[in-house]
Amino acid sequence: MFNKVCIDEVELKGKRVLIRVDFNVPVKEGQVADDTRIRESLPTIRYAREQRARMILCSHLGRPKGKPSPAFSLRPVAEHLSQLLEAPVRTAEDCIGEEVHAAVKTLQPGEVLLLENLRFHPEEEKNAEEFARALAGLCDVYVNDAFGAAHRAHASTAGITRFVSVAACGFLLRKEIEHLGKLLTAPEHPFVAIMGGAKVSDKIGVLKNLIGKVDTFLLGGGMAYTFLKAVGGSVGKSLVEEDKMELARETMKAARAAKVAFLPAADHVVAERIEPNAPTRVVDGPEIPEGWMALDIGPKTREAFAVIIRGARTILWNGPMGVFETPPFHEGTWAVAAAVAASGGTSIIGGGDTAAAVVQAGVSDKMSHISTGGGASLEFLEGKELPGIAALTDKQ
Ligand code: ADP
Ligand code: MG
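For reference, each letter of the sequence shown is one residue, going 13 to 408 in our numbering.
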């Protein structure tokens with residue numbers, strides 16, 4: 013059970029409320045290129061405004077390697093947020109220090125200040141005590157709504173909670189945990205997990221943790237070829253992690269023992285190179301010719317997966333079915349996206365590239381939940397405790 017104090021259980025009026033948000037969004041030429049994460053933070057920010065809190069927002073953006081760097085400034089985000097909120101958003105040159113304190117002092121109830129990138133300080137990722145204390149010193153109430161950073165024990169997500177009287181979760185963080193948590197504790201059956209993407213090593217922890225919880229695994233994407241090779245298939249020059257073949261065999265064995273159906277892609281769209289509109293062939297069975305690589309699931313697999321997806325009450329999708337960035341290798345992913353959209357079951361998208369693929373396929377509004385945190389949702393689904401959540405104040 014989710015047993016953390018939430019923002020709506022704390023008195024905010026007139027208080028200095030520091031909200032850790034996840035504004036780690038792509039910025040291109042000074043403009044926010046995808047504002048999903050900003051929009052997902054709005055319920056918490058709007059609520060705190062209505063409550064007349066004096067709001068201090070903080071986030072990281074990209075990997076500035078512990079020093080100030082204009083390319084990683086949150087200023088474009090402040091402008092974008094201001095448009096979405098239809099209210100001014102003040103900015104600061106830094107996230108701690110005298111100037112920030114002065115800016116916080118002049119904040120009126122309902123006003124918003126966005127601090128500069130937390131990762132301009134190496135102490136953020138080191139979870140350094142002094143830095144965490146300095147952040148805590150800015151506020152009366154701390155709120156964490158940055159699900160995408162909750163798997164990191166950083167100063168703004170973990171350390172800070174030791175120096176504030178209350179550390180509450182925001183609405184986005186609560187929503188994420190409710191949707192993802194239900195997959196692990198009370199999914200409706202049949203529960204189908206669609207796993208794909210590039211690497212076995214990224215997803216194996218989730219696969220393992222879901223054995224015994226899901227009814228069926230559907231396996232596509234690059235990771236499928238390590239599994240197919242591990243059972244003796246020929247995979248040509250498809251993506252394979254040689255050092256994960258034993259793990260793949262063990263996982264399949266464990267799935268069999270738990271009577272979980274484990275269905276890797278049965279036919280494949282292959283090409284000699286990853287290139288838009290490269291000549292392709294469809295190969296039935298794990299017999300991919302030398303020099304060719306599997307870049308998408310084939311038509312038979314799409315149909316077979318769609319039948320299973322249609323019958324599901326709960327669907328978790330984590331990892332695209334092919335190299336969806338390069339046409340025509342998006343087709344399998346789009347077919348699966350359409351099947352998930354039409355299923356009528358609860359559909360949870362793990363975030364990352366799968367979230368992007370669902371948006372590209374034009375079905376994002378048909379999904380029950382699209383996670384804003386790729387890495388965080390993976391770790392959560394692996395059954396790990398997320399430090400940013402563990403550190404929040406427990407309900408009495
Ligand atoms: P997510 O971010 O949703 O967890 P991943 O990052 O694991 O997904 O995987 C996405 C990447 O996997 C994409 O860049 C895609 O091109 C790649 N990919 C998918 N299928 C294949 C394949 N058959 N061969 C090589 N790469 C693939
Ligand atoms: Mg990814």
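Glycine residues also receive a C-beta, built at the ideal position from the N, C-alpha and C atoms.
From a predicted model like this one, the values you see are computed outputs, not experimental measurements.
Length of the line joining the Cα atoms of residue i and residue j
| i | j | result |
| --- | --- | --- |
| residue 207 | residue 219 | 8 Å |
| residue 51 | residue 33 | 11 Å |
| residue 80 | residue 133 | 8 Å |
| residue 325 | residue 393 | 18 Å |
| residue 97 | residue 321 | 38 Å |
| residue 272 | residue 224 | 7 Å |
| residue 54 | residue 310 | 40 Å |
| residue 352 | residue 358 | 9 Å |
| residue 153 | residue 67 | 10 Å |
| residue 242 | residue 209 | 18 Å |
| residue 279 | residue 316 | 10 Å |
| residue 400 | residue 267 | 31 Å |
| residue 286 | residue 294 | 15 Å |
| residue 26 | residue 120 | 8 Å |
| residue 408 | residue 216 | 36 Å |
| residue 23 | residue 105 | 29 Å |
Three-state secondary structure (DSSP) of residue i
| i | result |
| --- | --- |
| residue 299 | strand |
| residue 81 | coil |
| residue 236 | helix |
| residue 12 | Here the chain covers residues 13 to 408 and nothing more, so residue 12 does not appear. |
| residue 304 | coil |
| residue 406 | strand |
| residue 270 | coil |
| residue 19 | helix |
| residue 12 | The requested residue 12 is not part of the displayed model; the chain covers only 13 to 408. |
| residue 257 | helix |
| residue 375 | coil |
| residue 153 | strand |
| residue 293 | strand |
| residue 229 | strand |
| residue 241 | helix |
| residue 138 | helix |
| residue 401 | helix |
Boundaries of the alpha helix (DSSP H) in which residue i is found, first to last residue
| i | result |
| --- | --- |
| residue 88 | 87 to 97 |
| residue 280 | Per DSSP, residue 280 belongs to no alpha helix (DSSP H); it is in the beta strand (DSSP E), 279 to 283. |
| residue 203 | Note, residue 203: premise wrong, no alpha helix (DSSP H); beta strand (DSSP E) at 203 to 207. |
| residue 335 | Premise fails: residue 335 is in no alpha helix (DSSP H) and is neither H nor E. |
| residue 213 | 212 to 222 |
| residue 113 | 110 to 117 |
| residue 189 | 183 to 197 |
C-beta atoms of residue i and residue j nearer than 8 Å
| i | j | result |
| --- | --- | --- |
| residue 232 | residue 344 | yes |
| residue 139 | residue 179 | no |
| residue 160 | residue 75 | no |
| residue 329 | residue 373 | no |
| residue 115 | residue 102 | yes |
| residue 162 | residue 398 | yes |
| residue 237 | residue 226 | no |
| residue 339 | residue 288 | yes |
| residue 349 | residue 369 | yes |
| residue 192 | residue 360 | yes |
| residue 245 | residue 298 | yes |
| residue 127 | residue 107 | yes |
| residue 73 | residue 14 | no |
| residue 183 | residue 56 | yes |
| residue 130 | residue 70 | yes |
Heavy atom of the ligand MG within 7 Å of residue i beta-carbon
| i | result |
| --- | --- |
| residue 364 | yes |
| residue 209 | yes |
| residue 386 | yes |
Any non-hydrogen atom of the ligand ADP within 7 Å of residue i CB
| i | result |
| --- | --- |
| residue 311 | no |
| residue 395 | no |
| residue 74 | no |
| residue 255 | no |
| residue 267 | no |
| residue 116 | no |
| residue 283 | no |
| residue 294 | no |
| residue 287 | no |
| residue 14 | no |
| residue 306 | yes |
| residue 156 | no |
Endpoints, beta strand (DSSP E) assigned at residue i
| i | result |
| --- | --- |
| residue 365 | Residue 365 -> not in any beta strand (DSSP E); alpha helix (DSSP H) instead, spanning 364 to 372. |
| residue 273 | 273 to 276 |
| residue 174 | It is not in any beta strand (DSSP E) - residue 174 carries neither H nor E in the DSSP assignment. |
| residue 3 | Here the chain comprises residues numbered 13 to 408, so residue 3 is not present and cannot be evaluated. |
| residue 359 | 358 to 361 |
| residue 32 | 28 to 32 |
| residue 169 | Where residue 169 is concerned, there is no enclosing beta strand (DSSP E), given that its DSSP letter is neither H nor E. |
| residue 327 | 326 to 330 |
| residue 66 | 66 to 70 |
| residue 124 | 124 to 126 |
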